[in-house]
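Counting the sequence shown from 1 gives a position; the working numbering is that position plus 69. From the three backbone atoms N, C-alpha and C, an ideal C-beta is built for every residue, glycine too. Source: prediction; values computed, not measured.
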Amino acid sequence: SSRRHAPPSSLREACARSRRGTDSPPAPAPSPQARLSEIFVVADSNRDGALDFNEFASMLSTLSQDALGPLRETRAASLARLLNVTLEMTQLTLARELDSAASRLPSERPRASPARLAQLERCVDRWCDLGEQAEATAAAVREEGAGGG
């Protein structure tokens, strides 16, 4: 029963600091991943390590705007990693293709097929477009996260 009425930990910490006469700053906020783990553990009422539909719906209904921040940050970080991997794979494929063509002796090279060159050009253009779109999206997500909503 005393646990139910205990003050929040930040209030307890502030009281303890004032009693000690120290004015040290509070502990840093938990990482987004730690916050998400905490939200998940609270929502997983049957402790099976997975959320069923009702647990998931309950979790979503209890999330405040503040709690959505870690979800946005985690999603943005995941999208950034995916983008980097995708762009690197595309870059490697293009480099391999161009290196293969350049390594052939001039006598071994087939005449440059206009269709093949056009295909490579479209691929490079698409790669550049995807990079620009991804950077714009990442900037928008960062601004949304910084604005808090």
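Of all the options the options, which has the alpha carbon lying nearest to the alpha carbon of residue i?
i      : options                        : result
Glu204 : Asn153, Pro183, Glu124         : Asn153
Leu132 : Thr155, Arg104, Arg185         : Arg104
Glu213 : Ala119, Arg116, Asn123, Arg141 : Arg141
Gln160 : Leu137, Leu148, Leu189         : Leu189
Arg211 : Ala187, Pro139, Gly118         : Pro139
Less than 8 angstroms between the beta carbons of residue i and residue j, yes or no?
i      : j      : result
Ala145 : Ala208 : no
Trp196 : Leu163 : yes
Ala149 : Met128 : no
Gly200 : Leu156 : yes
Thr143 : Gln202 : no
Residues in its own chain within less than 7 angstroms of residue i by CB, not counting five upstream and five downstream?
i      : result
Leu80  : Bear in mind that the predicted position of Leu80 carries a pLDDT of just 47, short of 50, making it unreliable; the figure below should be weighed with that in mind. Cβ neighbours of Leu80 beyond the five flanking positions: none.
Ser147 : none
Glu124 : Ala112, Asp113, Ser114
For the alpha helix (DSSP H) that contains residue i, what are its first and last residues?
i      : result
Asn115 : Looking at the DSSP string, Asn115 is not in any alpha helix (DSSP H), and its letter there is neither H nor E.
Leu120 : Unbroken run through Leu120: none, as it is neither H nor E.
Give me, in chain order, the residues of the same chain whose beta-carbon lies closer than 8 angstroms to that of residue i; leave out the 5 immediate sequence neighbours on both sides.
i      : result
Leu120 : Phe109, Ala112, Asp113, Met128
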